[in-house]
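Comments concern the structure below.
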Amino acid sequence: QSPQYEMDSLQDLRNIPVANSVGAPQILANLASLQRGSGLANVSHYGIAPVIDLFGSVSGTDLGSVSRSIDDIIARNSKKLVRGSRVVLRGQVETMRSSFTGLIGGLAFSIVLVYMLIVINFQSWLDPFIIISALPAALAGIVWFLFVTHTTVSVPALTGSIMCMGVATANSILVVSFAKEQLPDAESADEAALLAGFTRFRPVLMTALAMMIGMMPMALGLGEGSEQNAPLGRAVIGGLMFATIATLFFVPVFFGLLHGRRRGA
Numbered sequence: 079q080s081p082q083y084e085m086d087s088l089q090d091l092r093n094i095p096v097a098n099s100v101g102a103p104q105i106l107a108n109l110a111s112l113q114r115g116s117g118l119a120n121v122s123h124y125g126i127a128p129v130i131d132l133f134g135s136v137s138g139t140d141l142g143s144v145s146r147s148i149d150d151i152i153a154r155n156s157k158k159l160v161r162g163s164r165v166v167l168r169g170q171v172e173t174m175r176s177s178f179t180g181l182i183g184g185l186a187f188s189i190v191l192v193y194m195l196i197v198i199n200f201q202s203w204l205d206p207f208i209i210i211s212a213l214p215a216a217l218a219g220i221v222w223f224l225f226v227t228h229t230t231v232s233v234p235a236l237t238g239s240i241m242c243m244g245v246a247t248a249n250s251i252l253v254v255s256f257a258k259e260q261l262p263d264a265e266s267a268d269e270a271a272l273l274a275g276f277t278r279f280r281p282v283l284m285t286a287l288a289m290m291i292g293m294m295p296m297a298l299g300l301g302e303g304s305e306q307n308a309p310l311g312r313a314v315i316g317g318l319m320f321a322t323i324a325t326l327f328f329v330p331v332f333f334g335l336l337h338g339r340r341r342g343a
């Protein structure tokens with residue numbers, strides 16, 4: 079290696095001897111073309127590839143909507159990139175998307191797990207099906223409320239969805255368990271379901287309202303940085319609005335229909 083103090087000019091670089099295994103050493107000018115140019119003082123690498131890092135933070139909105147907007151910009155300008163280069167979103171966006179995938183699987187697994195636990199508790203395959211019949215309404219309410227409030231589906235929204243499923247299932251259990259208790263003494267399954275709907279109306283409504291009122295400040299996104307958790311509160315409120323209606327009206331109807339057929343058989 080040539081000492082740095084001997085490299086005073088571009089010509090000194092061209093005259094550096096390069097050894098080879100064939101014959102006499104060759105000077106660098108005979109092997110390569112050297113010229114002056116400008117470049118980055120520090121070059122970052124991801125793996126072995128050189129990268130240029132651009133850092134940014136989110137303010138006044140959630141990370142999901144920002145990442146979606148950036149994806150649209152990248153897609154529109156992808157043809158303008160130099161050949162061999164690409165733009166990749168990393169950092170919190172990458173973590174959020176991996177968590178997003180995991181939470182979707184967790185949401186599906188939680189519904190299955192809840193169903194199996196209710197099957198063990200009620201010793202029946204029919205009653206758990208009646209109980210979870212309120213969950214599609216909860217999912218519809220979550221999607222509707224997020225759409226109305228212009229909120230993107232994000233990790234907090236999915237977390238709120240799982241919370242909503244738990245409360246909706248607990249309220250349905252209140253109605254179905256009471257209807258089953260009244261079934262032997264009632265004249266029909268419809269009468270038992272109707273009595274359960276009237277008797278459990280206030281407890282179910284109070285439970286749902288308490289949860290929704292508690293989530294109201296979070297859903298409004300009041301305070302600095304609270305907009306990141308706002309989707310969680312909105313998902314819970316929207317899901318419980320629809321799930322409560324389904325629990326008080328559709329769950330008793332399903333109970334009366336399915337148990338009425340069972341009695342008739």
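Residue numbers for the sequence shown, in the numbering used here: 79 to 343. Where is the CB? At the ideal position from N, CA and C, for every residue including glycine.
Can you tell me whether residue 343 is buried or exposed? The criterion is at least 16 other CB atoms within 10 Å of its CB, across all chains shown.
Residue placement at residue 343 is flagged as unreliable, the pLDDT there being 48, under the threshold of 50; a coordinate-derived value is accordingly withheld.
Alpha carbon to alpha carbon, how far is residue 288 from residue 313?
15 Å
Need the endpoints of the beta strand (DSSP E) that residue 127 sits in, please.
Where residue 127 is concerned, the enclosing beta strand (DSSP E) starts and stops at 127-129.
Is it buried or exposed, residue 231, if we count other Cβ atoms within 10 angstroms and call 16 or more buried?
buried
Pick out the complete beta strand (DSSP E) segments inside the region 121-190, 3 residues or longer, and give them in chain order.
122-124 and 127-129
Can you list, in chain order, the residues of its chain whose CB lies under 6 Å from that of residue 237, leaving out five sequence neighbours each side?
The answer, listed in chain order, is 310.
Compute the Euclidean distance between the alpha carbons of residue 323 and residue 250, then round it to the nearest angstrom.
Each residue's Cα considered, the two are about 11 Å apart.
Going by DSSP, what residue range makes up the alpha helix (DSSP H) through residue 210?
Neither: residue 210 is in no alpha helix (DSSP H) and is coded neither H nor E.
Under the three-state reduction of DSSP, which class applies to residue 201: helix, strand or coil?
coil
With distance defined between alpha-carbon atoms, name the residue in 171, 260 and 193 nearest to residue 233.
171
Is residue 105 helix, strand or coil by DSSP?
strand
Measure the beta-carbon distance from residue 219 to residue 321 and round it to whole angstroms, keeping in mind my assumption that it falls under 8 Å.
6 Å
Does the region 123-132 come into contact with the region 140-149, if we say contact requires no fewer than three beta-carbon pairs (one atom in each stretch) closer than 8 Å?
With the rule of 3 Cβ pairs closer than 8 Å, the region 123-132 does not count as touching the region 140-149.
Who does residue 95 pair with in a DSSP beta bridge?
105
What would DSSP say about residue 86, mapped onto helix, strand or coil?
coil
For chain C, find out if any of its Cβ atoms is closer than 8 Å to the Cβ of residue 251; answer yes or no.
The chain labelled as chain C is not found in the depicted structure, where only one protein chain is given.
Who are the near neighbours of residue 109 in its chain, counting only those whose CB is closer than 8 Å to its CB and skipping five residues on each side?
96
Where does residue 343 fall in DSSP's three states?
Note that residue 343 scores 48 on pLDDT, short of 50, meaning its location in the model is unreliable; the coordinates nonetheless yield the value given after this. Here residue 343 sits in coil by DSSP.
Considering only residues of the region 279-315, which uninterrupted alpha helix (DSSP H) runs meet the minimum length of 4 residues and lie entirely inside it, listed in chain order?
279-298
Give the straight-line distance between the Cα atoms of residue 173 and residue 160, rounded to the nearest whole angstrom.
28 Å
From which residue to which residue does the alpha helix (DSSP H) around residue 277 run?
267-277
Do residue 210 and residue 240 have their CB atoms nearer than 8 Å?
no
Grouping DSSP H, G and I as helix and E and B as strand, with all else coil, what is residue 238?
helix
Three-state secondary structure (DSSP) at residue 113?
Three-state DSSP puts residue 113 in coil, outside helix and strand.
Among the candidates 242, 325, 290 and 317, whose CA atom is the shortest distance from the CA of residue 212?
325
Are three or more beta carbon pairs between the region 176-187 and the region 262-282 nearer than 8 Å?
no
Looking only at its own chain, which residues have a Cβ that is under 6 Å from the Cβ of residue 334, when we skip the five neighbours before and after it?
267, 268 and 271
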